[in-house]
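Chemist: If you count by this note's numbering, then the sequence shown holds residues 54 to 393, one letter each, in order. All residues carry an ideal CB built from backbone N, CA and C; glycine is no exception. Computed from a predicted model, the values in this text were never measured in an experiment.
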Amino acid sequence: MNLQQLTETAGSLVVGAKGLLAMDESTGTCNKRFASLGIPQTEAARRAYRELIVTTPGLGEWISGAILFDETIHQQKEDGTLFVKVLVEAGIIPGIKVDTGARELAGHLGEKVTEGLDGLRDRLVEYSRLGARFAKWRAVIAVGDGIPSRGCIEANAHALARYAGLCQEAGLVPVVEPEVIMDGDHTLEQCSRVTERVLRTVFDQLYTQRVVLEGVILKPNMVLPGSACPTQEGVDEIADTTVRCLLRAVPAAVPGIAFLSGGQSAELASDRLNAMNVRFKSRLPWALAFSFARAIQQPALEIWKGNNTNVPAAQQALYHRAQCNCAARLGEYTTAMEKR
Ligand code: 13P
């Protein structure tokens, strides 16, 4: 393990006001999003969409790293240039999703464990050869009656730590993503308790597996009420609850926290990130950044709709969302930025 290289990469991923663009939807997830907009669910359409993203003019001004999917890391622009090369030339660090998805956890009705450790060491060597410098693994934690269970939290935290150790061995920065999902009618307070417990368990496992925290990026959920909860707190209360939870559970040695968006609207995600940085920035030991998929891509995808003539307008929308989220990192985002 080259510790200096790992810490440099981790630092570059959260440098300045930049953040990550997650474009690592599995084929199934990407197809689902395409289907809802009437876009053909083909390899050609997925390739064309990812070409739209990576060729967005000026994207590197706001985006430090892009997370790719296995299919995407092998794909090329229409002119034959590999997407990885396009990203590097735009000043964007290529990364890769390396988990193989969440499956039902035996004996734990309604809970999942993320798989993908078998053969991971060899896959990481290959992804590194293809140009990836960081890797992502997402664990899914549901909140509900009697869940999450200890078994689910511990199984997922252990897998995250095993994956993170293998990443660092291969010289890749692990982007550790334990996602407490928004589905359900749980309260903000419940989400906060579950998120804190999950993060404490994850960091305990990272320590046990000898993962170097200076070479890790944490990708957590914001602390939010369930999407079906009748009480939806305002932006400031969500910002305060999220930061309080993170301060309790995330060691100061971690260089950066890059939130997932988790199904929030693009504007709310920017607004909430902004509020955290406005209210706490000078008191935080780590950078508070973003690693959004839907909250950066969705408006662009809805404009593109699979139609070539919409590419420039879709790219503009993508650029705009990335710019708004950088402003949110600085605490300079305002909803006036949305009136273009
Ligand atoms: P969302 O921002 O759409 O939640 O996606 C982030 C991600 O990488 C999910 O694994």
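For Phe122, which of helix, strand or coil comes out of DSSP?
Modeler: Note: Phe122 maps to coil in three-state DSSP.
Chemist: Are the stretch 126-133 and the stretch 98-116 touching by the rule of at least three beta carbon pairs closer than 8 Å?
Modeler: In short, these stretches touch, since the Cβ pair count reaches three.
Chemist: Hey, would you say Ala319 sits closer than 8 Å to Gln285, going by beta carbons?
Modeler: Going by C-beta atoms, Ala319 is not nearer than 8 Å to Gln285.
Chemist: Could you tell me whether the stretch 304-317 touches the stretch 357-365, using the rule of 3 or more Cβ pairs below 8 Å?
Modeler: Too few Cβ pairs lie closer than 8 Å, so no.
Chemist: Using the beta-carbon count (16 or more within 10 Å), is Gly287 buried or exposed?
Modeler: It is exposed - the Cβ of Gly287 has fewer than 16 other Cβ atoms within 10 Å.
Chemist: Which residues end up in the neighbourhood of the ligand 13P when you take C-beta atoms closer than 5 Å to any of its heavy atoms?
Modeler: Here the list is Ala75, Arg191, Leu313, Ser314, Gly315, Phe345, Ala346 and Arg347.
Chemist: Could you tell me if Gln57 is buried or exposed, where buried requires 16 or more neighbouring beta carbons within 10 angstroms of its beta carbon?
Modeler: Exposed, because fewer than 16 other Cβ atoms sit within 10 Å of the Cβ of Gln57.
Chemist: What do you reckon, are the CB atoms on Ala195 and Asp236 nearer than 8 Å?
Modeler: It is a contact, given that the beta carbons lie within the stated cut-off.
Chemist: Distance check for Cys379 and Ala70, CA to CA, integer angstroms please.
Modeler: In a straight line, the C-alpha of Ala70 is about 5 Å away from that of Cys379.
Chemist: If you follow the alpha helix (DSSP H) that Gln218 is part of, which residue opens it and which one closes it?
Modeler: Here residue 218 is Gly; the residue named in the question, Gln, does not match the sequence. Where Gly218 is concerned, the enclosing alpha helix (DSSP H) stretches over Arg203 to Glu222.
Chemist: Let's see if you can read the secondary structure: which residues bound the beta strand (DSSP E) around Arg156?
Modeler: Ala155 to Glu157 is the extent of the beta strand (DSSP E) around Arg156.
Chemist: In this structure, does DSSP put Glu320 in helix, strand or coil?
Modeler: The answer is helix: DSSP assigns Glu320 an H, G or I state.
Chemist: Helix, strand or coil, according to DSSP, for Lys138 in the structure here?
Modeler: In the structure shown, Lys138 sits in a helix (DSSP, three-state: H, G or I).
Chemist: Kindly list the residues whose CB is nearer than 6 Å to the CB of Ile356, restricted to its own chain and excluding five residues on each side of it in sequence; keep chain order.
Modeler: Closer than 6 Å at the Cβ level, and outside the excluded window around Ile356, lie Asn363, Ala366, Ala367 and Ala370.
Chemist: Once the 5 residues before and after Tyr397 are set aside, which same chain residues still bring their CB inside 6 Å of it?
Modeler: A question about residue 397 goes unanswered here, because the residues of the chain that appear run from 54 up to 393.
Chemist: Work out the CA separation of Gly315 and Ser280 for me, nearest whole Å.
Modeler: Rounded to the nearest angstrom, the two C-alpha atoms are 11 Å apart.
Chemist: Can you give the beta carbon distance from Val229 to Val269, rounded, assuming they're within the 8 Å contact cut?
Modeler: Yes, Val229 and Val269 are in contact; Cβ-Cβ is about 6 Å, under 8 Å.
Chemist: Please go through the same chain and pick out, in chain order, the residues whose beta-carbon is closer than 8 Å to the beta-carbon of Asp123, but skip the five residues on each side of it.
Modeler: Cβ neighbours of Asp123 beyond the five flanking positions: Ile149 and Lys150.
Chemist: Are the stretch 341-348 and the stretch 374-388 touching by the rule of at least three beta carbon pairs closer than 8 Å?
Modeler: With a cut-off of 8 Å, the stretch 374-388 and the stretch 341-348 count as touching, because enough Cβ pairs lie within range.
Chemist: Name the two residues that bound the continuous alpha helix (DSSP H) containing Glu290.
Modeler: Element bounds for Glu290: Val288 to Ala302.
Chemist: Does the Cβ of Asn209 have 16 or more other Cβ atoms within 10 Å, making it buried, or fewer, making it exposed?
Modeler: Result: buried.
Chemist: Please name the residue, chosen from Leu300, Ile310 and Arg325, that lies closest to Ala292 on a Cα-to-Cα basis.
Modeler: Measuring from the Cα of Ala292, the nearest candidate turns out to be Arg325.
Chemist: Report yes if the CB atom of Leu276 is closer than 8 Å to the CB atom of Thr254, and no otherwise.
Modeler: Note that residue 276 corresponds to Val in the displayed sequence, not to Leu. Against a cut-off of 8 Å, the Cβ pair of Thr254 and Val276 comes out as no contact.
Chemist: Among Gln221, Cys205 and Val233, whose alpha-carbon lies nearest the alpha-carbon of Arg156?
Modeler: Comparing Cα positions, the closest option is Cys205.
Chemist: Quick one: what does DSSP say Arg263 is sitting in, helix, strand or coil?
Modeler: DSSP places Arg263 in coil when its eight states are reduced to three.
Chemist: CB-CB under 7 Å to His161, same chain, minus the five flanking residues each way: which ones, in chain order?
Modeler: Here the set comprises Ser202, Gly204 and Cys205.
Chemist: Can you tell me whether Glu232 is buried or exposed? The criterion is at least 16 other CB atoms within 10 Å of its CB, across all chains shown.
Modeler: It is buried - the Cβ of Glu232 has at least 16 other Cβ atoms within 10 Å.
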